[in-house]
Structure formats: structure tokens, C-alpha cells
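Residue numbering for the sequence shown follows my numbering, starting at 332 and increasing by one per position.
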Amino acid sequence: MRKSAINLLGQTMSTTSRDRSWTVWGLIFIAAGYASASHAAEFIPINDQTVLGHASSIFSNSYNITAISGDGTVVAGSSHAVGAIYDCARFDCGSGGFAYSLKDRERVILEGSPRTDTYIGGAPVSVRDLSYDGQQALLLGEYRHYESYLSTPQGENYLRDNIVVGDYLSASSMSSDGGVIVGVHGSSGFVWTEQTGLQPAPVVDPEVNFIPSQVSGDGTTMLLSDSDYFLSIVNPLVLSVLASNEWSQRAAVWHDSGESYQLTPVEGNEHLSVTRLSEDGTAVIGSSYNYLPSTSNQIRLSVPTVWRDGIASELPLPAGFESGSAIGVSGDGGTIVGNAILEVKDYPLFVNVDMQTDLLLDNRAVIWRDGQLHILQDWLSDEWGLAEELEGWTLTSAAAISANGQTIAGAGVNPDGEYASWVVTLPVPEPGACGLLAASLLAFALYRWPRTKAA
332 MRKSAINLLG QTMSTTSRDR SWTVWGLIFI AAGYASASHA AEFIPINDQT VLGHASSIFS
392 NSYNITAISG DGTVVAGSSH AVGAIYDCAR FDCGSGGFAY SLKDRERVIL EGSPRTDTYI
452 GGAPVSVRDL SYDGQQALLL GEYRHYESYL STPQGENYLR DNIVVGDYLS ASSMSSDGGV
512 IVGVHGSSGF VWTEQTGLQP APVVDPEVNF IPSQVSGDGT TMLLSDSDYF LSIVNPLVLS
572 VLASNEWSQR AAVWHDSGES YQLTPVEGNE HLSVTRLSED GTAVIGSSYN YLPSTSNQIR
632 LSVPTVWRDG IASELPLPAG FESGSAIGVS GDGGTIVGNA ILEVKDYPLF VNVDMQTDLL
692 LDNRAVIWRD GQLHILQDWL SDEWGLAEEL EGWTLTSAAA ISANGQTIAG AGVNPDGEYA
752 SWVVTLPVPE PGACGLLAAS LLAFALYRWP RTKAA
């Protein structure tokens with residue numbers, strides 16, 4: 332928009348010094364009005380200094396962002412203490428859920444903790460999803476089993492009354508207002524609402540154990556995948572930037588109208604995995620690939636894929652890159668983010684800090700927007716003026732994007748050569764910004780027109 336305005340004004344420039352003077356004043360007026368009506372793009376490293384307000388003195392935390400509120404004001408996920416040694420009976424020693432307000436620039440306190448009849452658990456281990464306004468967080472807590480619950484400004488909201496140790500309940504997604512929640516209970520899928528409580532997930536195929544993994548913003552559409560083939564990658568740092576821990580051979584979409592259909596991979600591929608459903612329920616994203624990994628440290632050669640109305644379409648990769656994944660999608664399905672891998676290779680089961688950078692540097696965060704593919708770091712530098720802020724960084728994966736498409740989060744290698752998470756916020760014209768720009772252009776054009784005609 333800015334480039335178009337400048338080009339339009341440039342075409343009306345006169346060769347006289349007086350006309351040039353008026354042109355300059357016109358540009359200044361329009362630029363001032365437009366600049367005041369919008370905010371600049373911003374790159375925000377997510378680390379202890381950002382989230383806690385200070386650097387840790389004994390050990391630091393590594394952050395993994397898994398959720399962004401629909402309005403882009405809150406990011407959330409999990410943190411893990413780096414350099415600490417634990418002696419505990421938990422599955423996730425050193426892990427904790429976190430949420431951070433980009434609007435208030437402070438950590439959000441997550442209310443509640445998992446409980447049983449005899450024990451009140453500790454802090455949540457991760458945030459699985461956020462409501463559109465960021466006021467509700469879907470948490471996963473742990474005490475001898477995983478238990479999901481809602482954190483709200485009024486306190487915690489448990490999905491069931493009777494919690495028995497060992498009875499696993501893991502929710503993965505919720506609607507925009509938190510009114511519909513889906514996930515897995517034991518080995519079966521569930522759907523939760525305030526009115527009905529826990530209910531079995533809808534049956535798409537009686538011969539396939541489909542588990543709902545995503546739900547649309549209005550709660551009427553679900554993305555389901557089978558649990559017959561499940562692979563847990565050992566290293567969470569590699570997991571967050573190289574692959575998904577859910578490798579599905581079958582996936583389906585279900586609507587509350589009763590309509591449902593199974594998805595198929597891009598032509599020429601035999602398998603698929605799905606990662607996200609757009610908020611409006613019109614787009615599913617994931618990958619298509621030709622073989623199943625034989626070990627948990629093998630990365631598959633995959634094709635980034637988007638499904639619209641059940642039809643699979645391949646998303647292009649940057650020239651020279653072998654593989655990639657679509658990981659996050661905007662609310663209308665128009666913008667997709669993910670990663671591209673330059674060279675596909677196996678990685679060690681256990682990755683230490685020294686190995687980490689070498690593995691990550693073969694990856695690049697990518698964005699598909701308005702039908703165009705961009706390497707995200709180049710796009711942010713060239714189109715949004717963030718070259719200076721990104722100096723020394725390598726953005727290796729984009730893991731999430733807000734429903735409004737204005738906030739993107741992911742992981743990469745920071746200037747110190749360390750794995751780190753980041754967030755980018757893109758400007759949104761405030762009400763009246765476009766009108767101000769149009770009025771300025773019109774006023775200036777009317778002023779210039781007689782002079783141009785007289786010339």
C-alpha cells in the first residue's frame with residue numbers, strides 16, 4: 332500500500348521547484364498520517380528476559396511455543412529448564428506451561444493445577460490451546476498421568492468431576508470461546524462441552540479409531556486422525572523444529588451436520604499426516620509422504636500439503652530444498668506457515684547442545700501467503716523492515732500463526748548459536764487508517780490536477 336501511494340504521487344511530480352516542494356509536503360503529510368495509523372512490525376525473542384523479566388541466575392529455560400490466541404495478543408506453550416538435573420517421579424521433570432501477553436508485555440499467570448481425590452498436582456507442563464481472546468488456556472497437567480483442564484480468569488475448570496490416578500485425559504484443541512474441547516481419554520476420542528461434559532467422539536469409520544485433534548472456532552467441524560500408528564520422537568528440541576510427533580496414516584474431517592470424509596495424500600504419495608484445522612474449518616494442513624519412518628530418529632521426505640473441501644494440494648518448496656511441512660494456518664486458511672528442510676537425513680536419538688545448531692541450520696521457516704511462497708526471514712527483512720532485528724538469527728521453523736494472521740511464532744538459532752523461540756507481530760491498520768490514506772491521496776490529487784493540466 333505504501334509503495335503504491337508513493338508511485339502514484341511520483342507520477343504527478345512536476346519539474347518546477349514549486350511543484351516539487353508541494354509534492355514533498357504532500358508525501359510528508361500522507362506518510363505522517365499513515366505512520367500514526369499503524370504499528371511497525373516487531374521481532375520478539377522468547378527467553379527468560381522476555382517472559383520472566385530477568386535472566387535466570389542458575390539455569391535458563393528453553394521455550395517452545397505451541398499456541399497463539401486468535402487475536403494474536405497471547406502466545407503460550409511449554410518451557411524446560413536447561414542445565415538442571417532432577418530427581419523426581421514425574422514424566423516431565425523441569426517442564427512447565429507458560430503464557431505471555433504481547434499486549435501487556437508480561438507473563439500471564441495460569442490458574443489451577445491438576446487434582447485427584449488425594450493429591451493436588453503442581454504447575455501445568457504445557458499449554459495446548461488458547462481461546463480467541465487469550466483469556467482461557469487449555470492446559471495439560473501431570474501427576475502419575477496427564478490431565479487436561481481449563482485455566483480462566485475465574486480459576487480452573489476441570490473437564491470431569493472424578494479424577495482417578497492413571498486415568499489419562501489429554502485435550503488437544505478447543506473452540507474460540509472454550510465451549511467445545513476435543514482430545515483423547517485413555518485410548519478413545521472425546522468431545523467436551525459445559526452442558527454435556529465428556530462424550531465419546533463421533534464415529535467416522537467403525538473400523539478406525541479416529542481421535543479428534545482439532546476443532547474449528549465455532550465448534551462445528553473437527554479434524555480427526557487415527558491412533559494406529561504413533562511415533563514419539565525422543566528429543567523435544569528436534570521435535571519442535573523438524574517433525575511432528577503424530578504421524579498419521581489416516582485422517583478425516585467431521586461436520587456437525589453429519590457429513591464426514593476421509594483425507595487422501597497428494598497424488599504420487601501413499602501416506603499423510605495432519606497438523607492443523609483452520610479456525611473457519613475450511614482448510615486442513617499437514618504433509619504427504621511415500622514411506623513410514625523405520626526408527627524414531629528418521630525424518631521422512633515429505634510434501635507440504637493443504638486440503639480444501641477434502642482435495643489435497645501440494646505447497647511448493649524453495650528451490651534446492653528436499654522436504655517440508657505445513658504446521659500453522661490462519662483462521663481463513665489463506666496463510667500457512669511451516670518449515671523446509673535443505674537436506675533430509677537421520678539425526679541422533681539423543682541430541683546434545685553441540686549437535687543442535689548443525690541439525691537446525693539445514694531448516695528454514697517458510698510462509699505461503701496470497702498464493703506465494705517466501706522464506707520467512709527474507710520476507711520479514713525485505714517486506715517488513717526487520718533485517719536489523721534478525722541480524723545473526725536463522726529462523727528454522729514457523730510453528731504457529733494467529734487466526735487473524737498478524738502474529739507468527741516459531742523457533743530458530745539465535746546469534747549466540749543457541750536454540751531459541753521467537754514471535755513476530757505484523758502491523759494492523761487501526762480504524763480509519765485506510766480512510767485517512769485515501770483522503771490524503773484524494774486531497775493531494777485534487778490540488779495537483781489543475782497544475783498538471785495547465786502544464
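Where a beta carbon is used, it is the ideal one built from N, C-alpha and C, also for glycine. Since the model is a prediction, treat every value here as computed from it, not as a measurement.
Item: Is the separation between the beta-carbon of ASP492 and that of ALA398 shorter than 8 Å?; Value: no
Item: Do ALA372 and THR756 have their CB atoms nearer than 8 Å?; Value: yes
Item: Taking 8 Å as the threshold (C-beta atoms), are ILE667 and ALA657 in contact?; Value: yes
Item: Do LEU470 and SER462 have their C-beta atoms within less than 8 Å of each other?; Value: no
Item: I want to know whether the region 726 to 735 touches the region 393 to 409 - three or more CB-CB distances under 8 Å.; Value: yes
Item: Would you tell me roughly how many angstroms separate the C-alpha atoms of SER712 and ALA671, rounded to the nearest one?; Value: 18 Å
Item: Would DSSP call GLN380 helix, strand or coil?; Value: helix
Item: Taking only runs that begin and end inside the region 611 to 657, name each unbroken beta strand (DSSP E) of 3 or more residues, in chain order.; Value: 614 to 620, 633 to 639 and 642 to 645
Item: Which residues mark the beginning and the end of the alpha helix (DSSP H) in which GLN708 is found?; Value: 707 to 715
Item: Given this structure, state the Cα-to-Cα distance separating VAL759 from GLY669, to the nearest angstrom.; Value: 22 Å
Item: According to DSSP, is GLU761 part of a helix, a strand, or is it coil?; Value: With a pLDDT of 46 at GLU761, under the threshold of 50, the predicted position of this residue should be treated as unreliable, and no value is reported.
Item: Who are PRO543's beta bridge partners in DSSP?; Value: LEU555
Item: Shortest alpha-carbon distance to HIS476 belongs to which of GLY517, LEU441 and TYR489?; Value: GLY517
Item: Put LEU469 into one of helix, strand or coil per three-state DSSP.; Value: strand
Item: Over what stretch of residues does the beta strand (DSSP E) that includes ASN488 continue unbroken?; Value: 486 to 489
Item: If we count the other Cβ atoms within 10 Å of its Cβ and call it buried at 16 or more, is ASN392 buried or exposed?; Value: buried
Item: Hey, could you find the ends of the beta strand (DSSP E) ILE440 is sitting in?; Value: Premise fails: ILE440 is in no beta strand (DSSP E) and is neither H nor E.
Item: What distance in whole Å lies between the Cβ atoms of PHE521 and PRO531, which are believed to be in contact at a cut-off of 8 Å?; Value: 6 Å
Item: Identify whether LEU603 lies in helix, strand or coil by the three-state DSSP scheme.; Value: strand
Item: What separation, rounded to the nearest whole angstrom, lies between the Cα atoms of ASP747 and VAL534?; Value: 50 Å
Item: Could you tell me if ASP536 is buried or exposed, where buried requires 16 or more neighbouring beta carbons within 10 angstroms of its beta carbon?; Value: exposed
Item: Which term fits ILE440, buried or exposed, when burial requires 16 or more other beta carbons within 10 angstroms of its beta carbon?; Value: exposed
Item: According to DSSP, is LEU673 helix, strand or coil?; Value: coil
Item: What residues in its chain sit with their C-beta under 8 Å from that of MET651, if we drop five residues either side in the sequence?; Value: Correcting the residue type first, residue 651 is Gly in the shown sequence and not Met. Contacts found: LEU673.
Item: Given that a residue counts as buried once 16 or more other Cβ atoms are within 10 Å of its Cβ, and exposed if not, what is THR524?; Value: exposed
Item: Which class does LEU481 belong to by DSSP, given the choice of helix, strand or coil?; Value: strand
Item: From this set, GLY497, LEU490 and ILE494, which residue's C-alpha is nearest MET505's C-alpha?; Value: LEU490
Item: Are the beta-carbon atoms belonging to ALA696 and GLY743 less than 8 Å from one another?; Value: yes
Item: One question on the structure: do SER591 and SER604 come within less than 8 Å of each other, judged by their Cβ atoms?; Value: no
Item: For GLY612, which option in VAL584, PRO596 and TYR620 has the closest C-alpha, if you only look at C-alpha atoms?; Value: VAL584
Item: To the nearest angstrom, how far is the alpha carbon of GLU601 from that of SER519?; Value: 26 Å
Item: So, helix, strand or coil for LEU691, using DSSP?; Value: helix
Item: Which same chain residues end up closer than 7 Å to ILE706 when comparing Cβ atoms and leaving out the 5 residues on each side of it in sequence?; Value: PRO649, ARG695 and VAL697
Item: Is the separation between the beta-carbon of SER544 and that of SER507 shorter than 8 Å?; Value: no
Item: Looking only at its chain, what residues have a beta carbon closer than 7 Å to the beta carbon of TYR620, apart from the 5 residues adjacent to it on each side?; Value: ASN600, HIS602, ARG631, LEU632, SER633 and VAL634
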